[in-house]
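So in the UniProt record's numbering, the last one in the sequence shown is 370, and the numbering has no gaps at all. Here the structure is laid out as C-alpha cells; the discussion comes afterwards.
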Amino acid sequence: MDMAVSGSLKRKFEEVDGSSVCSSPKESDDDICSSDSADSCDSVNPPTTRELSPTSILKKQKRMRSKNVRFDQVTVYYFTRRQGFTSVPSQGGSSLGMARRHNCIRRYTLCEFAQEQEHLHREMLRDHLKEEKLNARKTKLTKNGSIDSEEANVLTIEDLSDEDIDVDNIEVDDYFFLQPLPTKRRRALLRASGVNRIDTEEKHELRAIRSSREECGCDCRFYCDPEVCPCSKAGIKCQVDRMSFPCSCTQDGCANTAGRIEFNPLRVRTHYLHTIMKLELENKNKPLPAVALLYPAEARGTGQPEVQDYREFAESYHLENEAAVLHLQSAEEMDRMKEEEGEDLGRSSLLRLLSQQDGGGDGDHHHLSA
Numbered sequence: 001m002d003m004a005v006s007g008s009l010k011r012k013f014e015e016v017d018g019s020s021v022c023s024s025p026k027e028s029d030d031d032i033c034s035s036d037s038a039d040s041c042d043s044v045n046p047p048t049t050r051e052l053s054p055t056s057i058l059k060k061q062k063r064m065r066s067k068n069v070r071f072d073q074v075t076v077y078y079f080t081r082r083q084g085f086t087s088v089p090s091q092g093g094s095s096l097g098m099a100r101r102h103n104c105i106r107r108y109t110l111c112e113f114a115q116e117q118e119h120l121h122r123e124m125l126r127d128h129l130k131e132e133k134l135n136a137r138k139t140k141l142t143k144n145g146s147i148d149s150e151e152a153n154v155l156t157i158e159d160l161s162d163e164d165i166d167v168d169n170i171e172v173d174d175y176f177f178l179q180p181l182p183t184k185r186r187r188a189l190l191r192a193s194g195v196n197r198i199d200t201e202e203k204h205e206l207r208a209i210r211s212s213r214e215e216c217g218c219d220c221r222f223y224c225d226p227e228v229c230p231c232s233k234a235g236i237k238c239q240v241d242r243m244s245f246p247c248s249c250t251q252d253g254c255a256n257t258a259g260r261i262e263f264n265p266l267r268v269r270t271h272y273l274h275t276i277m278k279l280e281l282e283n284k285n286k287p288l289p290a291v292a293l294l295y296p297a298e299a300r301g302t303g304q305p306e307v308q309d310y311r312e313f314a315e316s317y318h319l320e321n322e323a324a325v326l327h328l329q330s331a332e333e334m335d336r337m338k339e340e341e342g343e344d345l346g347r348s349s350l351l352r353l354l355s356q357q358d359g360g361g362d363g364d365h366h367h368l369s370a
C-alpha cells in the first residue's frame with residue numbers, strides 16, 4: 001500500500017513538474033521569459049534556449065528612422081526685367097536687374113520642370129549657334145568680296161533658317177548658359193521688357209567703379225614700409241597674383257604688419273588634378289578590387305577591365321601632374337632668376353656709382369694737396 005501511495009505521489013509530482021515551468025505565481029515576468037520575446041510561456045510552447053538568452057546591447061540594431069527629404073514639385077517665381085543698378089558689367093552700362101515683386105507663379109512636377117529647363121536651354125543654345133553662324137557668314141562674305149561690310153551688318157538672325165541649326169542631337173548639359181552679354185544686347189533686353197527710358201548716368205558710374213578696381217594693391221618697390229604702405233595702413237594683407245601685381249613687394253621685403261598673400265599656381269594645379277581624379281574614380285561606381293590593392297604587380301597582368309582602366313588613369317594622372325609641376329617650377333625659376341638678375345644689376349650699378357664717386361673724391365683731394 002505504501003508502494004501504491006508513493007507511486008501515485010511520484011506520478012502526480014512528475015505531472016506537476018512537467019506541466020509548466022511558468023506555473024508559479026511568485027515568479028516574475030523577467031524570470032519567466034525575456035521582455036523582448038512575444039511568445040507565451042506555457043506547456044505547449046516552452047521557451048527555447050535562444051529566447052532565454054539576453055540580447056546584447058551592442059549587437060542590437062536600432063530602428064532606422066526615415067530622414068530623407070523628398071521633393072514633389074517646383075515653384076517658380078517670375079520677375080519682370082528692369083535696369084539693375086546693383087551689378088558691374090565688364091564693359092558699358094545698362095546693367096540687368098529685376099522688379100521688386102514677382103508677376104507670375106508657376107508650379108511644376110520634377111519631371112515637367114526638367115523638361116521645361118531642357119527646352120529653354122535648347123532654345124538658348126539655338127540662338128547662340130545662330131549668332132555664331134551669322135558672324136561666320138558675315139566674315140566669309142566680306143573676305144570673299146561678295147558684299148561690303150555695310151551690307152553684311154544688315155544681316156540678322158532672322159535671315160538664318162532653323163533647319164541650318166540642329167540642336168536635337170546635342171548634349172545640352174555640356175554647355176554653359178550664363179554668358180556675359182554685350183551692352184547692345186542688354187539694352188535690347190531692357191527695351192523688350194518695357195523699359196522705355198534707360199538711365200545713362202549709370203554708364204559713367206560703372207566706368208568710375210571699374211577704374212577704381214584697377215587701382216589696387218600697393219606701389220611699394222620690393223620693400224614695404226608699414227608706416228607708408230597703403231595696404232599696411234588700411235590693415236589688409238598685401239596680395240600678389242602674378243609678378244608685381246597687384247602689389248609689387250617681394251616675399252622677403254614685405255614688412256606689412258597684416259601679412260602677405262601670394263598666389264601659388266603649383267598648389268592650385270595640384271588641387272585641380274586631385275579633384276579631377278577623385279571625380280573620375282567616383283564616376284566609375286565600382287571599387288577597386290582587393291587584388292589590385294594587395295598585389296599591384298599581379299593585377300597589372302590581369303585582364304580585368306576596371307583594374308586596367310584604373311591603372312591607365314593613374315599613370316596618365318601622374319604624368320600630367322609631373323609635367324604640370326615641372327612646367328610651373330620652371331616658370332617660377334625663370335621669374336626668380338629675373339628677379340635676381342634685376343637685383344644684381346641694381347647692386348652692380350650702385351657699386352659702380354659709389355666707386356666712381358670715391359675715385360672722383362680722391363682725385364680732387366690729390367689735386368688740392370698738390
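Yeah, the Cβ is synthetic: ideal placement off N, Cα and C, and Gly gets one too. This one's a predicted model, so the numbers in the text were calculated from it and none came from an experiment.
Could you round the C-beta distance between C218 and C249 to whole angstroms and report it? I think they count as a contact, below 8 Å.
7 Å
Can you check DSSP and say which residues form a bridge with R108?
Looking at the sequence shown, residue 108 is not Arg but Tyr. Its beta-bridge partners are V74.
Thinking C-alpha only, which one of R137, G253, P246 and D168 is nearest E214?
P246
For E262, report the span of its beta strand (DSSP E) as first-last.
R260 to E262
Answer with buried or exposed for G194, where buried requires no fewer than 16 other C-beta atoms within 10 angstroms of its C-beta.
exposed
What does the alpha-carbon distance come out to for the pair R122 and Y78?
20 Å
Can you give me the C-alpha to C-alpha distance between E227 and E262, rounded to a whole angstrom?
21 Å
If you count every other CB in all the chains shown that lies within 10 Å of the CB of K284, and 16 or more means buried, which is it?
exposed
From what residue to what residue does the beta strand (DSSP E) around R242 run?
C238 to R242
Would you identify the three-state DSSP class for Q117, choosing helix, strand or coil?
helix
For T142, name the three-state secondary structure that DSSP assigns.
helix
Flag this pair as touching only if the stretch 103-118 and the stretch 84-94 have three or more C-beta atom pairs under 8 Å; answer yes or no.
no
Just tell me which of F71, S212 and N256 has its CA closest to the CA of Y223.
N256
Close-in-space but distant-in-sequence residues of the same chain around E202 (CB under 8 Å, 5 per side omitted)
Q83, F85, G93, S94 and S95
For the alpha helix (DSSP H) that T270 lies in, which residues bound it at each end?
P265 to K284
Identify the residues that DSSP records as bridge partners of F79: which are they?
H102
Integer Cβ distance of K138 from L155, believed to fall under 8 Å
6 Å
Nearest-angstrom Cα distance between T142 and N153?
10 Å
Just mark E206 as buried or exposed, buried being the case when its beta carbon has 16 or more other beta carbons within 10 Å.
Glu is not the amino acid found at residue 206; the sequence shown has Leu there. That one is buried.
When the Cα of E131 is compared with those of D225, E158 and V268, which residue comes out closest?
E158
Check the DSSP bridge columns for P246 and list the partner residues they point to.
V240
Run the CB neighbour count on R186, radius 10 Å, all protein chains shown included, and call it buried at 16 or more, exposed below.
buried
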